[in-house]
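Asker: Just passing along the structure, written as structure tokens.
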Amino acid sequence: MAALKPYEPGKPIEEVQRELGLRDVVKLASNENPLGPSPMAVAALRGAIDELNRYPDGGSVMLTRKIAAHHNLSPAHIFLGCGSVEILNLLAYLFIRPGLNAVTSEHAFAIYELVVAASGGVTKTAPMKDYTFDLDAIGAAVDADTRVIWLANPNNPTGTVYKRDAWERLLARVPDHVVIVADEAYFEFVRDPDYPNALEYLAGRPQLIVLRTFSKIFGLAGLRVGYGVADPEMVNLLNNVRQPFNINLLAQAAVLAAMDDHEHVRRTLEVNAQGIEYLEREFRRLGVEYVPTQANFFLVEVGDGVAVFNALLRHGVIVRPMHGYKFPRHVRISVGLPEENRKLIAALEQVLRKGA
Ligand SMILES: *Cc1c(COP(=O)(O)O)cnc(C)c1O
């Protein structure tokens, strides 16, 4: 346990302001919603503050019902987590032991490997193809000791998706002793018509769990709410090992309201689509290689990723270096508001011209 390395989050704005003495700092490092939280969620939060002396509803009954109804399922299929990362953690806690392994892709979301290591297991990684999860290679890596397959669709930090045909081939070959986790944190942003919505594959598959979150398109990363959709037996297992009040009172109130704020979601998609168009055009103008994205961020090849990250910091722009994801020549850049994107491009142009 002492040898494990904790997750390295994006640098907070205040830290950069303090360390570099900068006032005007833009954070494009954590794939957050640049429009802020839903105004309806903020209003609900204000109303809930006076109830903070009370414990929250430990079963998150109203919120669970609302999410279930949204997906046309019974509440028994829904499990709420303190962010979807709590659910990743609980899944590893339930299914991984020393001697057992989990399978994912190289360059996958970093938390997968961390939670497996914390449960004493080993992560086996299959190579990517074209910056994309290769589900055939992932299926081939499964062995008798595999208990979990982690899939991010779209993946973070590549922004790519695997397609329906590859997904169906994987489902057909994976043995019943393996839990398949389809992490769809960026589901709402996807535009590819061949993208498989994993929720449509739940029937008859008790080992499949689909994860969604309120951290990304709903703009509520600071509240920490994600959920899993799965067979009731899987939901029961998760409930048996979670903390009794894992969704706090403010979070329950805010998410209930945010789910009705269709206008905020629509505006977010619009800002993201415009940002993608602008950034792609500018990356091409600068001669910078980028991976086409199905999410709200870009993986961009810049040379020395850490050096460019540091140079951009001095211009007041926080991005994410990717050496930890075995992409030492890349940074990950979240799509921001138009003025934030312009500030990033102006800084990147200067940094690349000077050589970081
Ligand atoms: C951001 C992200 C999540 C969401 O994490 P939360 O704990 O719900 O904030 C999950 N998976 C991936 C791949 C992500 O990028």
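When the letters of the sequence shown are read in order and numbered with numbering that gives the first Met the number 0, they come out as residues 0 to 355.
Where a beta carbon is used, it is the ideal one built from N, C-alpha and C, also for glycine.
Would you kindly check if the distance between the Cβ of G323 and the Cβ of E112 is under 8 Å?
Answerer: Position 113 of the sequence shown, counted from the start, is the residue given in the question as residue 112. Position 324 of the sequence shown, counted from the start, is the residue given in the question as residue 323. Cβ atoms of E112 and G323: not closer than 8 Å.
Asker: Among the candidates G335, L249 and H261, whose CA atom is the shortest distance from the CA of D56?
Answerer: Position 57 of the sequence shown, counted from the start, is the residue given in the question as residue 56. Among G335, L249 and H261, the Cα nearest to that of D56 belongs to L249.
Asker: When DSSP builds the beta bridges, which residues end up paired with E182?
Answerer: Numbered from its first residue, the sequence shown carries residue 182 at position 183. As written in the sequence, residue 182 is Asp, which differs from the Glu given in the question. Beta-bridge pairing links D182 to A151 and L210.
Asker: Near G138, what residues of its chain come up, given a Cβ to Cβ distance below 8 Å and the 5 sequence neighbours on each side ignored?
Answerer: Here residue 138 is taken as the residue at index 139 of the sequence shown, counted from 1. So the list reads R168, L169, R172 and V173, once near-sequence residues are dropped.
Asker: Any contact of the segment 62 to 76 with the segment 118 to 134, i.e. 3+ C-beta pairs under 8 Å?
Answerer: Flag = no, the segment 62 to 76 and the segment 118 to 134 do not touch.
Asker: Excluding the 5 residues preceding and the 5 following R266 in the sequence, name in chain order all residues of the same chain whose CB lies nearer than 7 Å to its CB.
Answerer: As a working mapping, residue 266 is identified with position 267 in the sequence shown. Contacts found: L34.
Asker: Compute the beta-carbon to beta-carbon distance between A256 and A42, rounded to the nearest angstrom, for a pair I have assumed lies under 8 Å.
Answerer: The sequence position of residue 256 within the sequence shown is 257, counting from 1. The sequence position of residue 42 within the sequence shown is 43, counting from 1. About 7 Å separates the two Cβ atoms, so the contact holds.
Asker: Report yes if the CB atom of L27 is closer than 8 Å to the CB atom of V318, and no otherwise.
Answerer: Locating residue 27 in the sequence shown gives position 28, where the first residue counts as 1. Locating residue 318 in the sequence shown gives position 319, where the first residue counts as 1. Yes.
Asker: Can you find a heavy atom of ligand 1 that lies under 7 Å from the Cβ of V84?
Answerer: Here residue 84 refers to the residue found at position 85 of the sequence shown. Yes, Cβ of V84 sits closer than 7 Å to a heavy atom of ligand 1.
Asker: Could you pull the start and end residues of the beta strand (DSSP E) that F78 belongs to?
Answerer: Reading the sequence shown from its first residue, position 79 is the one you call residue 78. Element bounds for F78: I77 to G80.
Asker: Going by the DSSP bridge assignment, what does R331 pair with across the sheet?
Answerer: For the purposes of this step, residue 331 is identified with residue 332 of the sequence shown, where counting begins at 1. Paired residues: L298 and R319.
Asker: How long is the line joining the alpha carbons of N245 and A252, rounded to whole angstroms?
Answerer: For the purposes of this step, residue 245 is taken as the residue at position 246 of the sequence shown. For the purposes of this step, residue 252 is taken as the residue at position 253 of the sequence shown. Between N245 and A252, the C-alpha separation is close to 14 Å.
Asker: Would you check whether ligand 1 has a heavy atom nearer than 7 Å to the C-beta of N271?
Answerer: Residue numbering aside, residue 271 sits at position 272 when the sequence shown is read from its first letter. For ligand 1, not one heavy atom lies less than 7 Å from the Cβ of N271.
Asker: Would you mind listing the beta strand (DSSP E) stretches within the segment 105 to 148 that are 3+ residues and don't spill past its ends, in chain order?
Answerer: Correct list: 121 to 125.
Asker: Around the Cβ of E276, are there at least 16 other Cβ atoms within 10 angstroms (buried) or fewer (exposed)?
Answerer: On the sequence shown, residue 276 is found 277 positions in, with the first residue counted as 1. By the 10 Å Cβ count, E276 comes out exposed.
Asker: Helix or strand or just coil, what does DSSP make of A202?
Answerer: Sequence index remark: in the sequence shown, residue 202 carries index 203 (1-based). DSSP places A202 in coil when its eight states are reduced to three.
Asker: Note down, in chain order, each residue of its chain lying with its Cβ closer than 7 Å to the Cβ of I332, except the 5 sequence neighbours on either side.
Answerer: On the sequence shown, residue 332 is found 333 positions in, with the first residue counted as 1. Excluding positions up to five away in sequence, the list reads L27, F296, F297, V299, V318 and L343.
Asker: When you compare each of G304, Y200, E339 and L79 to N235 by their alpha carbons, which one comes out closest?
Answerer: Along the sequence shown, one-based indexing puts residue 235 at 236. The candidate whose alpha carbon is nearest that of N235 is L79.
Asker: When DSSP labels each residue in this structure, what does V41 get in the three-state scheme?
Answerer: Translated into positions along the sequence shown, residue 41 becomes position 42. Of the three classes helix, strand and coil, the one that applies to V41 here is helix, per DSSP.
Asker: Please state whether the Cβ-Cβ distance between P195 and R146 is less than 8 Å.
Answerer: Position 196 of the sequence shown, counted from the start, is the residue given in the question as residue 195. Position 147 of the sequence shown, counted from the start, is the residue given in the question as residue 146. Not closer than 8 Å, so no.
Asker: In chain order, which alpha helix (DSSP H) runs of at least 4 residues are fully inside the segment 229 to 280?
Answerer: Taking only runs of at least 4 residues, the alpha helix (DSSP H) segments lying wholly in the segment 229 to 280 are 231 to 240 and 248 to 257.
Asker: Please state whether DSSP places G58 in a helix, a strand or coil.
Answerer: Looking up residue 58 in the sequence shown gives position 59. Residue state, collapsed to three classes: coil.
Asker: Could you spell out where the alpha helix (DSSP H) holding F308 opens and where it closes?
Answerer: As a position in the sequence shown, residue 308 is number 309, starting the count at 1. From DSSP, the alpha helix (DSSP H) with F308 extends over G304 to R313.
Asker: Taking the alpha-carbon positions, what's the E262 to H70 distance?
Answerer: As a first step, residue 262 must be located in the sequence shown, where it is residue number 263. As a first step, residue 70 must be located in the sequence shown, where it is residue number 71. In a straight line, the C-alpha of E262 is about 19 Å away from that of H70.
Asker: Quick one, are the C-beta atoms of S104 and A125 less than 8 Å apart?
Answerer: Along the sequence shown, one-based indexing puts residue 104 at 105. Along the sequence shown, one-based indexing puts residue 125 at 126. Contact: yes.
Asker: Just confirm the distance between the C-beta atoms of A107 and W166, as a whole number of angstroms; I'd bet it's less than 8 Å.
Answerer: Here the question's residue 107 lines up with position 108 in the sequence shown. Here the question's residue 166 lines up with position 167 in the sequence shown. In fact, because the Cβ distance is near 16 Å, the residues do not count as touching under 8 Å.
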